[in-house]
Every structure is written in C-alpha cells, then in structure tokens.
Amino acid sequence: MIFVIYTDHKPLTFAFKQKNEKASPRQQRQLQYISEFSCNIQHVLGKDNVVADALSRIHSISEINFEEIAEEQTTDEELQILLHNNSLKFKPSTLPSGKKLWCDISTQKLGLTFHKNSGFKYSN
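The opening position of the sequence shown corresponds to residue 139 in the working numbering, with each subsequent residue numbered one higher.
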C-alpha cells in the first residue's frame, strides 16, 4: 500500500535519507514499519495542514447544550423579531424536554440562531 504522509515536522521528511546509526532503535523500528507502506513524506506548513490542526485541537471541541440554547432563544428579542420576518424561514425542533429549538432553514445549511451576546461560542 502506498500513500503520502503530510507533516509539519520538517525533520521527518529527511528520516529515510539519514543513516540508521543516527536514529534510536525505536526510531529505526518505526521507520522500518512505515517504509513497508510508503517512503513519501512531504512537508506542509502547520498553518496549511488543516487536518492535523483540527486533530491537535480536538480537546477544545465541547458539547453543545441544545437545551440551554433553546432556553436562551425564548428570551432573545432579536430572534422573536426574526421569527416574524418573511425573508427568513425558521422551523422549530422539539427537544425531549418539550422546549423548542428554532433553526434557520432559509439556506441549504441548517443554522442555529441566538443573540451574539448570549455567551455561546459558535462558528459555522
């Protein structure tokens, strides 16, 4: 099986070109194993390696509390105005608690709507 390894760790791109005595026994075993599949290691700048960047930040992904968002939406004056705006289309989703979570279905993407000062951090 041949595949390409993309890394932001530039010294790794030279791993197969170095002499074995420069690598520790553990590194030699790891390189030997990797070489069974591929020797194609390419450097990518860290800022351009979006997959690695996302995986390295996986701890910062937190659970979305839909109950709390639904509660905030009930007192969100801006949302109440938007619900009566004919240019947008909203659909309520009923949560297990019975609370309604209003979602914008005007576009192809499903979107939650809540006030920017509500304290929720969300990006699309």
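Ideal Cβ placement from N, Cα and C applies to all residues, glycine included. Note that the structure is predicted; figures quoted are calculated from it, not measured.
Near the ligand SAM: residue i beta-carbon under 7 Å from a heavy atom
{"i": "Ala-208", "result": "Absence of the ligand SAM is noted for the structure shown, with no ligands found whatsoever."}
Opening and closing residue of the beta strand (DSSP E) in which residue i lies
{"i": "Pro-230", "result": "228-232"}
Residue i classed as buried or exposed, judged by whether at least 16 other C-beta atoms fall within 10 angstroms
{"i": "Ala-192", "result": "exposed"}
{"i": "Ile-219", "result": "exposed"}
{"i": "Ile-243", "result": "exposed"}
{"i": "Ile-207", "result": "buried"}
{"i": "Ser-261", "result": "Bear in mind that a pLDDT of 43 at Ser-261, under 50, signals an unreliable position, so the number given afterwards is only what the model happens to contain. Counting Cβ neighbours within 10 Å, Ser-261 comes out exposed, since fewer than 16 surround it."}
Beta-carbon proximity check, residue i vs residue j, cutoff 8 Å
{"i": "Ile-202", "j": "Ile-143", "result": "no"}
{"i": "Leu-233", "j": "Leu-226", "result": "no"}
{"i": "Asp-146", "j": "Asn-187", "result": "yes"}
{"i": "Ser-235", "j": "Glu-205", "result": "yes"}
{"i": "Phe-175", "j": "Phe-141", "result": "yes"}
Host alpha helix (DSSP H) of residue i (start-end)
{"i": "Leu-169", "result": "163-173"}
{"i": "Val-189", "result": "188-194"}
{"i": "Leu-183", "result": "Per DSSP, Leu-183 belongs to no alpha helix (DSSP H) and is neither H nor E."}
{"i": "Leu-221", "result": "215-221"}
Spatial distance of residue i from residue j (CA atoms)
{"i": "Gln-156", "j": "Leu-169", "result": "11 Å"}
{"i": "Pro-263", "j": "Cys-177", "result": "Only positions 139 to 262 of the chain appear in the structure, and residue 263 is not among them; the question remains open."}
{"i": "Lys-185", "j": "Gln-165", "result": "26 Å"}
{"i": "Phe-228", "j": "Ser-194", "result": "35 Å"}
{"i": "His-222", "j": "Ser-231", "result": "17 Å"}
{"i": "Ser-173", "j": "Glu-159", "result": "17 Å"}
{"i": "Glu-216", "j": "Thr-245", "result": "19 Å"}
{"i": "Cys-241", "j": "Val-189", "result": "29 Å"}
Using 8 Å as the threshold, is the segment 171-187 in touch with the segment 147-154, meaning 3 or more CB pairs across them? yes
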